[in-house]
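> FYI, the numbering for the sequence shown is 1 to 756, going by UniProt numbering.
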Amino acid sequence: MASWVLAHPPWHSLARVRLRWDMLANAGGWMRTGRHFLNTPTLSLAVDLNEETPAMREMKAYPYPSSRPDASLFEDTDEYATVSIAREEEKPALFDIPAGSPPCTLLKHLVQAGRYEDAERVHAELKELNVEIHPHPVYHFIARKILSTPDLAPQKRLEDFVKWWSLVPDTNDLATSSKDRVPATKNLARSVGFILSEILRKDHVPDIPLIANFALLAVSKGYATQVAQDVIYVISRYAPPGFTQHFLEEFCISEWKHETKKTVHEHRRCRADTLTKFHFRAWYSGAILSHIDCGRQDSALQLLELAASRNIWVTQHTYRRFISSLAAIGRLKDARVVRDIRRRQNFVRGTDKDPFVPFARSPSGRCSIRIVVPSSGDRVELAKSARSIKHALHRRLSISAPRLAKVFLTFLASRQHSILHRLRNLAYRSGPSAISSWVLAEMIYYSKPYRNHPASFLRVFEQHFHHVGVPSEIFNPVFSSEHRFDLAKVNASAVGLHQVGPAPPIRRRLAPTREHMYLLWKAVVENAQRPATVARLYREFVDAVTSSLHVPQNVYPLPRLVPYTRPNPAPSSKPQDASVEYLKPIPLRILYDTRIFHVFIDKFLSFGFLTHATRVVLDMFRLQSVPNAVTLNKFAEGLRFKPDLAAVERRLEYWEKAATRALRWPLDVADHPVQHDSVDATEERILMFFYRATVRNLVREGRREDAVLVAARFLELFPAGPTDQKTLEQELLKPSRVEMEAGLNPDIGTAQTPPS
C-alpha cells in the first residue's frame, strides 16, 4: 500500500501546471506584504515523475506500525447511518391502494394527506379521461381550503369551490351506509357551518354567486335548514330581485327533490305538505320581509303574488308589515291587493291564526325603551342605568344609540369598565339588532361631539358590517395618513372603550342601517383635509347611489344542479362571453338620504368650490333625493357674491346652463321608476332652488334691492307660477343678518315685491 502511495504522489494534477509567483508579488494594491517576501524570482514547478525525491526515499524507509491503530480516535458512524435511514423513511411513498379499487381512490388519498396541489392535477386528469369520481366526505377539506386561499380571483374561487364541494356526498347516502360513516355526517354538518361563517363573516363584500351556489349544493345534500335563514336574507338584500326569485325557486325545488327521495311512496304527500306549510312559507316570508326593509315594495309584491299562485301562503306578520309599509308611502291600491291575497289565504286555510314558523330576521317593528342615562357617577344611578339596559336587552327592545353613547361617557368617567364589559357581552348575545344598536353607539362615541378618533371609528365599522356601497380605500391605513389622522390618539389611554376589552366575535356580518351609513360618510368627509380626496369620495358616493338605482341585466347565471355521479364534460376551448360580468352586490337606495349630500355641500363650500356644490345639488335632483329646506339653507349660507349685481347675474347664467345640461344626463332606473309628479327634475324646479338661494343670500346680506331684481328675472323666465311668486315674496320679507342681530324685523308694509 505504501509503495502505491509513493508511486502516486498528490501533485499528479500539478504536473503540467506552471505558476508564476511574481503575479502575486505584483498585487501590491490589495496585498501589501507581497512587497517584502513575495518578490522572489520566478519558480518553475515542472515535476519529473520518474525522479525519486529525498522525501520519497524517507517514506519508503519508514517502518510500518507494530500495533493496531486505535479506532477510538475516530467518531462513531452509527448515528450518521441512523439519520440517513430516517431521512430515507421520511420520503413520501406511494399509497397502498388495494387491487380493484376505482381510479378515483388515489384522489381521495391525496386529499386525506393534504397534498392539494397533487390532488388538483389528478382531478384534472380524471376529468380529461371522463372517469367518474365517487363522492366522499374528505373532499370538504379542500373545498374549505379554497375559501381561505388569498389573492384568488372571484371567478376562479367559485369554480374551484363548486368543483370540490359537489363531490361531498348526500346525507341520504351517509345514512344508509355503515356505522363508520356516522361521524362523517357530524363532520359535514360542522363543515357546512364553517363554510357559511367563512363566506358571510370573513368576506367584507358578500360574494353573491358563491353564496348562491354553495346554498343550492348544500340544500341538494340535505342541509337546507342549516343555511336557509342566513343565505336567503343576504341574497334577497343585495342581489337583484329577479336573481332572488330564481334562487328561491331553485332552492325550493332542490329541497323538494331531496326530501321526497328519502321517503317511501305513501309518505311523500305528507312530507310535501309539510314542506309547503312550513319550510317554503318561512323562506318566502323572509325574502318578502327583506324586500320591504330594503324599500323594494314592487319586488315584494311580485314575489308575494308568485307565492300565492303556487299555494305558498306567507305569515300573518308578513302581511301586516307589508300593508303598513304600503300605507305609509301612500300606495293604497297596492295595499288593497295585499289584503285581497290575505283574505283569499284565510278562506283557503279556514283560519286566521298562524302556525309557528322559526324565521324572524327583520329588525323593524321592534318596541323601543328609554334607557336611564346617569347624570353623575353616583353608584345608585349607575346601577339603575345598567339595569334598564339589561332589561331592554333581555326583552329584545330597541335601545336609543345616542343615549347609550352618553351612558358610555358616564361609565368610563367613573371607571366602571367591568359593567360595560358585561353589558356588551349581553348585547352581542341578544341578536343582530342589539349588536347593531351597540355598534352605532360606539360609532357615535368615536365621532365628533364626543371623541374625534377616526381610525377607531373606521375599525368599528370595518369589523361588523358589510362593505357594500362604501369605498374600500377608507379602510386602508394609507388613507388615514393622507387625511392626517392623529393615530397616536387611538393608542392613548383617553380612548376608554379600548379599556373595556376586545369586542366578542360575531357570527355573521351585519347589514348597516341608514344611521350607520350617514355617520360613516360624515366622519370620512369631515376629516378629509385635501379637496382632491373629497372630490374622489364624492365620485365614489355618486357611483354607489347610481348603482343602487340600476339593476344589471346580464349577470353571472346560476348553475344547473346536475347529479354528482354524472361526469362533467371536457373543458371547452371556447372563451367565456366577455359581456357576462360577475355579479356584485347592489347597494340599497334607502341607505343614502339627503343628509349625506349635505355633508358634501358643506365640505365643498368650506373649500370655496361653488361649482362642486352646484354639482351636488344637480345630482340630488337627478338621483331622487330632492333638496329640502335644510339643503336650501346650507347652500344659501355658503354663497359669496361680489358687491356688484353683474357678478350675481353671471352666476345665475351659469346655473341656467348647468340646469339645461343636467336634464340631458341619462339615468336608466329599471327597477326604481321615477315618479314624474314628485321627483321629475324639471328645469323650473332646479332653477327655482338656485334663484331662491340667491334671493335668501342677498336679503341676508342686506342687498334687498338686488334680491328684488333677481326674483323679477326668475318670474320673467317662468311667468306662469303663482306659487313661485309667493315663495319669492316670502324670501324677500325675511330679515337681514344685521336686523337679526339687532332683533328687528323689516317693515312688511314697505317691503318691495317682485312685479307680477
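Virtual Cβ for every residue (Gly too), placed ideally from N, Cα, C.
(1) Do you know offhand how far H467's Cα is from V205's?
(2) For I312, which option in R422, E249 and Y450 has the closest C-alpha, if you only look at C-alpha atoms?
(3) Which word fits D151, buried or exposed, when buried means at least 16 other C-beta atoms lie within 10 angstroms of its C-beta?
(4) In chain order, what residues of the same chain have a beta carbon less than 6 angstroms from the beta carbon of P512, not counting five sequence neighbours either side?
(5) Please say whether L393 and A441 have beta carbons closer to each other than 7 angstroms?
(6) Check S418 in the structure and name its three-state DSSP category.
(7) Indicate the three-state DSSP secondary structure (helix, strand or coil) for I686 in the structure shown.
(8) Taking DSSP as the reference, what is the three-state secondary structure of L717?
(9) Given 8 angstroms as the limit, is there contact between the stretch 200 to 215 and the stretch 293 to 302, that is, 3 or more CB pairs closer than that?
(10) Using the DSSP secondary-structure output, state which residues sit across from I369 in a beta bridge.
(11) Looking only at its chain, what residues have a beta carbon closer than 6 angstroms to the beta carbon of K734, apart from the 5 residues adjacent to it on each side?
(12) Return helix, strand or coil for L326, following the three-state DSSP convention.
(13) Determine the burial state of S178: buried for a count of at least 16 other Cβ atoms within 10 Å of its Cβ, exposed for fewer.
(14) Only counting runs of 4 or more residues, tell me where the alpha helix (DSSP H) segments fall wholly within the stretch 180 to 233, in order along the chain.
(15) With C252 as the anchor, note down where its alpha helix (DSSP H) starts and where it stops.
(16) Starting from L110 and walking both ways along the alpha helix (DSSP H), at which residues does that stretch end?
(17) On the premise that E255 lies in contact with A224, defined as a C-beta separation below 8 angstroms, what is that separation, rounded to the nearest angstrom?
(18) Would F607 be called buried (16 or more neighbouring beta carbons within 10 Å of its own) or exposed?
(19) Give a yes or no on whether the C-beta atoms belonging to R403 and I371 are separated by under 7 angstroms.
(20) Kindly give me the distance between the Cβ atoms of S236 and H291, rounded to whole angstroms, as I take these residues to be in contact under 8 angstroms.
(21) How many Å lie between P569 and W164 at the Cα?
(22) Between which two residues does the alpha helix (DSSP H) containing L304 stretch?
(23) Assuming P643 is part of the alpha helix (DSSP H), what are its boundary residues?
(24) As a quick exercise: from P505, K406, A503 and V525, pick the residue whose alpha carbon is nearest that of P454.
(25) Tell me which same chain residues have a C-beta within less than 8 angstroms of the C-beta of E515, skipping the five on either side of it?
(26) Using DSSP bridges, identify the partner residues of F141.
(27) Within 10 Å of its beta-carbon, does S191 have 16 or more other beta-carbons around it, so buried, or fewer, so exposed?
(28) Are A693 and A636 close, meaning C-beta to C-beta below 7 angstroms?
(29) Using alpha carbons as the reference points, say which of Q529, L520, F641 and A658 lies closest to F597.
(30) With H, G and I counted as helix, E and B as strand and the rest as coil, what does DSSP make of F278?
(31) Considering only the alpha carbon of each residue, which of I686, L129, A239 and G431 lies closest to L549?
(32) Grouping DSSP H, G and I as helix and E and B as strand, with all else coil, what is P559?
(33) Take the Cβ of F194 as the centre, count every other Cβ of all protein chains shown within 10 Å, and call the residue buried at 16 or more, exposed below.
(34) Count the other C-beta atoms from every protein chain shown that fall within 10 angstroms of the C-beta of S220, then say buried if there are 16 or more, exposed otherwise.
(35) Is it right to say A613 is buried, meaning 16 or more other beta carbons lie within 10 angstroms of its own, or is it exposed?
(36) Would you check if the distance between the CB atom of I329 and the CB atom of W283 is smaller than 7 angstroms?
The short version:
(1) On the sequence shown, position 467 is the one that residue 467 refers to. On the sequence shown, position 205 is the one that residue 205 refers to. Rounded to the nearest angstrom, the two C-alpha atoms are 5 angstroms apart.
(2) Taking the sequence shown and counting its residues from 1, one reaches residue 312 at position 312. Of the listed residues, the one whose Cα sits closest to I312 is E249.
(3) Residue mapping note: residue 151 aligns to position 151 of the sequence shown, counting from 1. So D151 ends up on the exposed side.
(4) The residue labelled residue 512 in the question sits at position 512 within the sequence shown. Sequence-distant Cβ neighbours of P512 in its own chain, meaning closer than 6 angstroms and more than five residues away, are F465.
(5) Start at 1 with the first residue of the sequence shown, and residue 441 comes out as number 441. Start at 1 with the first residue of the sequence shown, and residue 393 comes out as number 393. Result no, Cβ atoms of A441 and L393 do not sit closer than 7 angstroms.
(6) Your numbering for residue 418 matches position 418 in the sequence shown. Helix, per DSSP.
(7) Numbered from its first residue, the sequence shown carries residue 686 at position 686. In this structure, I686 counts as helix in the three-state DSSP scheme.
(8) Walking along the sequence shown from the start, residue 717 turns up at place 717. In the displayed model, L717 falls within a helix according to three-state DSSP.
(9) Result no; under three Cβ-Cβ pairs closer than 8 angstroms.
(10) The residue you call residue 369 lines up with position 369 of the sequence shown. I399.
(11) Along the sequence shown, one-based indexing puts residue 734 at 734. Here the set comprises V699.
(12) Position 326 of the sequence shown, counted from the first residue, corresponds to residue 326. L326 falls in the helix class under three-state DSSP.
(13) Start at 1 with the first residue of the sequence shown, and residue 178 comes out as number 178. At S178 the pLDDT is 47, less than 50, meaning the model places this residue with poor confidence and gives no usable figure here.
(14) Taking only runs of at least 4 residues, the alpha helix (DSSP H) segments lying wholly in the stretch 180 to 233 are 182 to 197 and 208 to 220.
(15) Here the question's residue 252 lines up with position 252 in the sequence shown. Per DSSP, C252 is one residue of the alpha helix (DSSP H) stretching across P241 to K261.
(16) In the sequence shown, counting from the first residue as 1, residue 110 sits at position 110. For L110, the enclosing alpha helix (DSSP H) has its first and last residue at T105 to Q112.
(17) Here residue 224 refers to the residue found at position 224 when the sequence shown is read from its first residue. Here residue 255 refers to the residue found at position 255 when the sequence shown is read from its first residue. Under the criterion of beta carbons closer than 8 angstroms, A224 and E255 qualify as touching, at roughly 5 angstroms.
(18) For the purposes of this step, residue 607 is taken as residue 607 along the sequence shown, with counting starting at 1. Classification for F607: exposed.
(19) As a working mapping, residue 403 is identified with position 403 in the sequence shown. As a working mapping, residue 371 is identified with position 371 in the sequence shown. The Cβ atoms of R403 and I371 sit closer than 7 angstroms to each other.
(20) On the sequence shown, residue 236 is found 236 positions in, with the first residue counted as 1. On the sequence shown, residue 291 is found 291 positions in, with the first residue counted as 1. Between H291 and S236 the Cβ distance is about 6 angstroms, and since that is below 8 angstroms, they are a contact.
(21) Reading the sequence shown from its first residue, position 569 is the one you call residue 569. Reading the sequence shown from its first residue, position 164 is the one you call residue 164. Confidence in P569 is poor, its pLDDT being 38 and thus under 50, which makes the residue's placement unreliable; the coordinate value appears in the next sentence. P569 and W164: Cα-Cα distance of roughly 16 angstroms.
(22) Within the sequence shown, the letter at position 304 stands for residue 304. Looking at the DSSP string, the run of the alpha helix (DSSP H) that includes L304 is Q297 to S309.
(23) Along the sequence shown, one-based indexing puts residue 643 at 643. For P643, there is no enclosing alpha helix (DSSP H), as DSSP marks it with neither H nor E.
(24) Against the sequence shown, residue 454 aligns to sequence position 454. P454 has its Cα closest to that of V525, out of P505, K406, A503 and V525.
(25) As a first step, residue 515 must be located in the sequence shown, where it is residue number 515. Once the five neighbours on either side are set aside, the close Cβ partners of E515 are A401 and L440.
(26) The count along the sequence shown starts at 1 and reaches residue 141 at position 141. Answer is none; F141 lacks a bridge partner.
(27) For the purposes of this step, residue 191 is identified with residue 191 of the sequence shown, where counting begins at 1. Under the 10 Å beta carbon count, S191 is surrounded by 16 or more other beta carbons and is classified as buried.
(28) Taking the sequence shown and counting its residues from 1, the one referred to as residue 693 is at position 693. Taking the sequence shown and counting its residues from 1, the one referred to as residue 636 is at position 636. The answer is yes: Cβ separation under 7 angstroms.
(29) For the purposes of this step, residue 597 is taken as residue 597 along the sequence shown, with counting starting at 1. Closest by C-alpha distance to F597, out of Q529, L520, F641 and A658, is L520.
(30) Along the sequence shown, read from residue 1 onward, the residue named residue 278 stands at position 278. In this structure, F278 counts as helix in the three-state DSSP scheme.
(31) Translated into positions along the sequence shown, residue 549 becomes position 549. Nearest of I686, L129, A239 and G431 to L549, Cα basis: A239.
(32) Position 559 of the sequence shown, counting from 1, holds the residue named residue 559. Confidence is the limiting factor: at P559 the pLDDT is only 41, short of 50, which leaves the residue's position unreliable and the question unanswerable from this model.
(33) Indexing the sequence shown from 1 puts residue 194 at position 194. Exposed.
(34) As a first step, residue 220 must be located in the sequence shown, where it is residue number 220. Classification for S220: buried.
(35) As a working note, residue 613 is residue 613 in the sequence shown. With 16 or more other Cβ atoms within 10 Å, it is buried.
(36) Walking along the sequence shown from the start, residue 329 turns up at place 329. Walking along the sequence shown from the start, residue 283 turns up at place 283. Against a cut-off of 7 angstroms, the Cβ pair of W283 and I329 comes out as no contact.
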